[in-house]
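Here the structure is laid out as structure tokens; the discussion comes afterwards.
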Amino acid sequence: SKHFAVRRTLRNFADRNRPVVHAVDDVSLKLRRGSVTAVVGESGSGKSTIARLLAQLYPTTSGELLLHGKPTRVGQGRAFRAYCRQVQLIFQDPFGSLNPTHTVRYHLTRALRIHDRAGRTADDLEKALAALLERVHLTPPERYLDSFPHELSGGQRQRVAIARAMAADPAVLLADEPVSMLDVSIRLGILNLLRDLKERLDLAILYITHDIASARYFADETLVMYAGRMVEGGDSETVTQRPAHPYTQLLTSSAPDPDRIVADAKARAEAATDPAGGEVVVEEEESETAGEPPSLISPPSGCRFHPRCPKAMERCASEVPPRFDLADGQWAACWLYAEDAPKQAAPQEASA
Ligand code: SF4
Ligand code: MG
């Protein structure tokens with residue numbers, strides 16, 4: 028169906044061996060086919076937990092999951108395998124997720140077999156392998172099939188990991204910081220590949236990132252997380268250009284200019300493929316945000332951002348702000364947007 032959706036309300040995620048951690052609290056999100064949804068937040072905000080819960084790598088204590096608009100029971104057995112086929116996960120570290128003692132052929136063949144897509148003959152399998160590598164632009168396929176992970180670059184390894192996910196023919200791809208460990212010069216190529224797959228295969232992509240500038244470039248919709256809660260959402264252009272929540276405003280003011288990032292990445296990619304072959308110097312721009320995210324074991328009362336918020340009011344320390352709807356589908360969980368709040372609270376033009 029065209030209107031594929033995953034929605035989940037999650038509360039009180041608990042791990043038997045640790046204190047009860049509300050890693051994500053009352054989070055709800057909807058992924059649409061042919062669309063990228065970014066979840067942006069600092070490390071420790073709970074954003075990776077969302078991907079792992081949706082991939083069913085972690086158990087949940089409560090919540091609801093809808094696939095193709097219908098409630099889905101995940102657990103074990105056939106229903107669980109069917110779910111895993113539809114919802115694939117790729118990780119930050121493509122080296123860690125590939126077995127160093129096995130070739131690309133082994134990884135992809137295994138994935139095709141698990142998902143029953145290897146075909147009946149050796150010839151079918153060979154064709155399926157070639158198609159997967161072509162899909163992620165590792166061509167000619169023969170050059171990569173018998174390589175071991177250490178013989179490939181970081182970007183090529185991430186392409187193999189993406190090909191392995193595509194072996195399942197999924198409807199949903201959960202991408203947890205898929206480019207943050209890669210060289211800046213090749214990040215754009217991987218994001219463009221994912222965008223191409225989204226369009227050609229009508230995928231719903233969840234893009235987990237700490238980099239709000241990349242969300243503007245890559246995602247259709249952006250959700251911002253702080254301390255286990257969603258604090259703002261809307262279309263990416265609006266959220267990154269006119270952030271409403273003081274936390275998003277902090278993120279965008281400390282993030283490097285997204286237009287410059289794209290221009291730089293393009294220039295670097297060109298330089299890297301320049302046959303004249305000048306040395307490419309890549310400098311990572313650090314983005315610092317003031318203060319530390321709070322512990323999720325005992326999060327602050329009221330608005331969890333209140334200890335760091337420059338606009339905090341009295342009620343912020345005691346009352347949890349609900350979502351307030353703004354114009355054009357943008358929303359923010361912040362008391363500045365309550366009807367009785369002082370009127371200086373318009374969304375702010377991002378300074379970047
Ligand atoms: Fe700041 Fe209050 Fe809004 Fe929280 S609810 S972000 S503390 S103004
Ligand atoms: Mg993470």
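Here the sequence shown is numbered in UniProt numbering, starting from 28 and rising by one per residue. Each residue gets a CB set at the ideal place from its N, CA and C atoms; glycine is no exception. It should be emphasised that the depicted structure is a prediction, and the values quoted were computed from it without experimental measurement.
Residue i Cβ short of 7 Å to ligand 1 heavy atom set
i: Y110; result: no
i: K97; result: no
i: A271; result: no
i: P348; result: yes
i: L363; result: yes
i: F351; result: no
i: M257; result: no
i: Y133; result: no
i: M340; result: yes
i: F118; result: no
i: F332; result: yes
i: Y244; result: no
i: Y171; result: no
i: Y234; result: no
Pair within 8 Å by beta-carbon distance, residue i and residue j
i: A242; j: T265; result: no
i: residue 12; j: E204; result: Residue 12 lies beyond the residue range present for the chain, which begins at 28 and ends at 379; the question has no answer from this structure.
i: D223; j: G356; result: no
i: H164; j: R137; result: no
i: R350; j: W362; result: no
i: L94; j: L233; result: no
i: I239; j: V67; result: yes
i: M208; j: G181; result: yes
i: T279; j: A65; result: no
i: K338; j: P273; result: yes
i: L220; j: A190; result: no
i: V63; j: D229; result: no
i: R132; j: L179; result: no
i: L277; j: G73; result: no
i: S194; j: R144; result: This sequence places Ala at residue 194; Ser is not what is there. Their beta carbons are under 8 Å apart, which means A194 touches R144 by this criterion.
i: A188; j: I117; result: yes
i: F122; j: R214; result: no
i: L92; j: P176; result: no
i: S70; j: H237; result: yes
i: A155; j: L139; result: yes
Residues bridged to residue i [DSSP beta-bridge criterion]
i: L228; result: BP columns for L228 are empty, so no partner.
i: L233; result: T64, L201
i: D352; result: W358
i: K97; result: L94
i: Q115; result: L200
**Message:** For the structure I just gave you, are there three or more beta carbon pairs, one from the segment 193-201 and one from the segment 107-117, closer than 8 Å?
**Reply:** When C-beta atoms of the segment 193-201 are compared with those of the segment 107-117, three or more pairs fall below 8 Å, so the two segments count as touching.
**Prompt:** Residue ranges of each beta strand (DSSP E) run of no fewer than 3 residues wholly in the segment 246-277, ordered along the chain?
**Reply:** For the segment 246-277, whole beta strand (DSSP E) runs of length 3 or above, ordered along the chain, are 248-253, 256-262.
**Prompt:** Three or more C-beta pairs closer than 8 Å, one from the segment 324-331 and one from the segment 239-257: is that the case here?
**Reply:** Judged by Cβ distances under 8 Å, the segment 324-331 makes contact with the segment 239-257, as three or more pairs qualify.
**Message:** For the segment 167-183 against the segment 77-84, do three or more pairs of beta-carbon atoms, one drawn from each stretch, fall closer than 8 Å, so that the two count as touching?
**Reply:** The segment 167-183 is not in contact with the segment 77-84.
**Asked** What are the complete alpha helix (DSSP H) segments, minimum 4 residues, inside the segment 123-195?
**Response** Whole alpha helix (DSSP H) segments, 4+ residues: 131-141, 149-162, 169-172, 181-193.
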